[in-house]
Structure formats: C-alpha cells, structure tokens
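Its first residue numbered 325, the sequence shown is counted upward by one per residue in this note's numbering. Reading through the structure tokens given below for one structure.
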Amino acid sequence: MSLRKMVMDKGERARAIGCWYGQLTGDALGSLVEFKTPADIAAAYPGGVRELHDGGTFDTLAGQPTDDSEMALALSWSLLDEGDFVDESVARHYVSWFATDPFDIGNTVRTAVEAGQRALENEEDVAPAMRNGANQASQANGALMRVSPIAIFGARRGDEWVARAAMDDALLTHPHPACRQANAVFAVTLARAIRGETDPRALYASAQDYAARMDAHPVVRGALRDAEDGPPRDFSDKMGWVRVALQNAFHVLLHAPSLEEGLVETVSRGADSDTNAAIAGALMGAVYGVSAVPAQWRAAVDSCEPDEDEEGVQRPRPSWLWPTGAEGLALSLLASGEEVSGGSHPEGDDDPDADAEADEHDLEAYAGGIPGVGETGGSGGDDE
C-alpha cells in the first residue's frame, strides 16, 4: 500500500468517525437547552453551552441521544444487518425504536411509524404502510436529522447510491419533495467530505451545483443560497422546519472557525437546538474529522450508558440505543458500505485495512438483534 493511500484512508476513517461523533455530540449538546429562547440560554450559559452534563430539557445523561440520533442508530443497525439500504428492514427498525417508548418524538415521525406499527401487528409489509400513512405536506427536519449513517455507509459507493438511499429513507416518514431532496443534497455532501472533499467553500459550491442539477425544491435551493449571508433569521419561526436546519448547517460550515464554535453557535439559538446541532455536527465532523470534536464531548458519549438498573438514570433506554461504541459503529458502516460496492475504493485500490480495523471494535450493545424487527420479508421495496 502506498504512503499516499495509507494517509488518505486514515483521513477518511477519521472523517467518518467525526461525522458520527458530530451527530451524537451535537444532539446531546442541543438537548440541554431545547425549546429555550436565546435570551434564556445566554443567561444560563454566559459563555455558551460548552460542556456535556447530566440534565437538560429531558433530564438525560451527559452524551445521551434524543430521538434524532436514536433513529440514526436504528438506521445504522439496519444497514449493517442487510449490507444495503432495504426499506422494509429500515421501516421495521424504526417501528422497533418506536416500541421502546422514546422520550422524545416529532409529530411527523409519529404519524408514519404508528402506521407502520399497525401494519406490523397485522402481519403486513411495514414500509408501504409508513409511506402511505406519512404526512405528505410536512417539511419537518426529522428525516434530515437521521441521514448521516447513509452517508458514512455509502461514502465509498458513490453519490448515486447515497442520494437514492437518502431519498428512500425520507420517503418513509417525510415524503415532501423538500425533505427528500434536502436529504439527498446533504447526504451526498457528507459522503463527499468523508471521501476527502474538505474545503468548506468548494464543498458548499458542489452542494449548490448538485441541488441545481437535480432541480431541487425552492426550499432546498433557498436554504443553500442564504447560508452564505447568515443563519436563519428566526430559529423559533416554524421550529423544526428543514430549511432552518439545512441553512444553519451550511452557514456554520462556511463561517464558524471550528466544529466546537459552530455547534455552540447553533445551540445558542435555541428552539429545536438538538436537531439543528446534530445536523450541523454531522457536517462539521465529516469535514474536520474526529479530532475536531472536543475531548470532553467524546468522553461523555463514550461513557453514556442509560441503563435502567443504574442509579441516577432518569431516561433509561435499551442498549442498542446507547451511543457507546461510536468509533466502532462508524468504522463498521464505512467498511460494510465498501463490501457492498465490491470491495473497491473510489480510486480503484483495495483497502484491506478497513475491515480489519472495524472488526477490532466491539458492537456488543447491538448483540446481533433488536426486539421486534424479525424477518424483513415483504416487498423490500414542531414537528420532526
């Protein structure tokens, strides 16, 4: 293996891990002040929200995910189970997540997964039921908030696979064209960054070009256009709107001096702060890599085990929804996506180290199965 190839692969892995840690830490940081106003946040945190600690809006452990990253975890396990994006499997994983009684869930997501749950109880295909039951008019951010695993898994598969999977995932819960196309543009941008396109302005320009070539919805193109000039004017206006999350993510990419400052700025604006920060964190992490994620944030995620048997845990969750093992999960997604593409690297060289490195990481929290998922079968085929 050439020195150049080794350096590139090391950087690629660091960016995949950074994307996932950025998602998790942004989610957890934002959950500390979700629904609060900027004035209230400034009064409570004069220097900004800079450390992960227990408590917050949902009284969670430091580093504990909300629905944003729990759904991303469910998506991750489906991708690893199937070795591809299989809509019926993904839908069943979302329904299994819903069956755990999550402490936070958006209305748009709830509408779709409840339809899927009814189908599962009736022994019917779940994915078509979710698509048919989904809110067709919602432009909420609940699909964008969970899409990062598709970008990590598909980074070595190419833009076409990533865009298709991202849009198919949105179709399960957020079928509006603005949501589906925001998913495609954002996931492709993440995948390009993971592969090594890390100059913020060049990446921003390529996202605009991709949106133009797909004739994306005006909401998507407007969010990208306005990101250059500033953040959304009011994060509380239409809280949970996909346009706000997308514009903010690209704004901090262009203007924030670091991942930390970009997420602190995002969280300081309040409203749907966990979702906005999870999305921005995934993008900043994919560009700058895991070393850009503050060590205290990573340590909180790595030690967060909301076990119902542990004292002080206010929001216990099943182990497959814990954030621990983040590095191993990111590497497994990256390596498994390469396996699906026939083991080839975008440059055409084999990367024998990727699988080996991923295998070193224990995914014991998953333990090979999720209650209620079962066989995928079927066709295969405010407000998150």
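No residue lacks a Cβ here, since even glycine has one placed at the ideal position from N, Cα and C. Owing to the predicted nature of the structure, the values given are computational and were not obtained by experimental measurement.
DSSP three-state label for residue i, please.
i, result
"residue 384", "strand"
"residue 379", "strand"
"residue 401", "helix"
"residue 565", "strand"
"residue 338", "helix"
"residue 418", "helix"
"residue 510", "helix"
"residue 369", "coil"
"residue 501", "helix"
"residue 598", "helix"
"residue 570", "helix"
"residue 671", "For residue 671, the predicted model reports a pLDDT of 32, less than 50, meaning its position is unreliable; a value from the coordinates is still stated below. Note: residue 671 maps to coil in three-state DSSP."
"residue 635", "coil"
"residue 656", "helix"
"residue 538", "coil"
"residue 589", "helix"
"residue 355", "helix"
"residue 433", "helix"
"residue 524", "helix"
"residue 438", "helix"
"residue 344", "helix"
"residue 626", "helix"
"residue 410", "coil"
"residue 350", "helix"
"residue 364", "helix"
"residue 614", "helix"
"residue 580", "coil"
"residue 708", "coil"
"residue 425", "coil"
"residue 374", "coil"
"residue 516", "helix"
"residue 646", "coil"
"residue 333", "helix"
Taking C-beta to C-beta, are residue i and residue j nearer than 8 Å?
i, j, result
"residue 524", "residue 578", "yes"
"residue 545", "residue 384", "no"
"residue 602", "residue 351", "yes"
"residue 323", "residue 659", "Look at the range of the chain in this structure, 325 to 708, and you will see that residue 323 is not part of it."
"residue 621", "residue 376", "yes"
"residue 527", "residue 343", "no"
"residue 543", "residue 463", "yes"
"residue 642", "residue 390", "no"
"residue 310", "residue 451", "This structure does not reach residue 310, given that the chain is present from 325 up to 708, and the question cannot be answered."
"residue 399", "residue 381", "no"
"residue 509", "residue 531", "yes"
"residue 597", "residue 447", "no"
"residue 365", "residue 627", "no"
Can you list, in chain order, the residues of its chain whose CB lies under 7 Å from that of residue i, leaving out five sequence neighbours each side?
i, result
"residue 455", "495, 496 and 499"
"residue 507", "467, 468, 471, 490, 491, 493 and 494"
"residue 547", "567, 570 and 571"
"residue 709", "For the chain, the structure presents residues 325 to 708; residue 709 sits outside this window and is missing."
"residue 715", "The structure shown does not extend to residue 715, since the chain is modelled only from 325 through 708, so no value can be given for it."
"residue 460", "499 and 500"
"residue 550", "571"
"residue 629", "646 and 648"
"residue 336", "518, 519 and 520"
"residue 502", "463, 541, 543, 544 and 566"
"residue 413", "402, 405, 406 and 700"
"residue 552", "578"
"residue 426", "391 and 394"
"residue 429", "391"
"residue 556", "568, 571 and 572"
Excluding the 5 residues preceding and the 5 following residue i in the sequence, name in chain order all residues of the same chain whose CB lies nearer than 6 Å to its CB.
i, result
"residue 600", "569, 572 and 590"
"residue 645", "394 and 397"
"residue 661", "477, 478, 480 and 481"
"residue 458", "436, 497 and 499"
"residue 611", "517 and 522"
"residue 607", "573 and 577"
"residue 438", "none"
In its own chain, which residues sit with a C-beta less than 8 Å from the C-beta of residue i, not counting the 5 before and 5 after it?
i, result
"residue 560", "361, 594 and 595"
"residue 613", "335, 338, 339, 341 and 342"
"residue 637", "385, 630 and 631"
Got a sec: does the ligand HEM put a non-hydrogen atom nearer than 7 Å to the Cβ of residue i?
i, result
"residue 401", "This structure lacks the ligand HEM; in fact it carries no ligand of any kind."
Write down the C-beta distance between residue i and residue j rounded to the nearest angstrom, noting that I regard them as a contact closer than 8 Å.
i, j, result
"residue 475", "residue 511", "5 Å"
"residue 615", "residue 338", "7 Å"
"residue 346", "residue 605", "3 Å"
"residue 625", "residue 353", "So it is not a contact: roughly 10 Å between Cβ atoms."
"residue 576", "residue 564", "Actually they do not touch by this definition, with Cβ atoms about 18 Å apart."
"residue 708", "residue 486", "Rounded, the Cβ-Cβ distance is 22 Å, inconsistent with contact."
Let me know the alpha helix (DSSP H) ranges lying completely inside the stretch 445-496, each 4 residues or longer, listed in chain order.
Whole alpha helix (DSSP H) segments, 4+ residues: 450-457 and 472-478.
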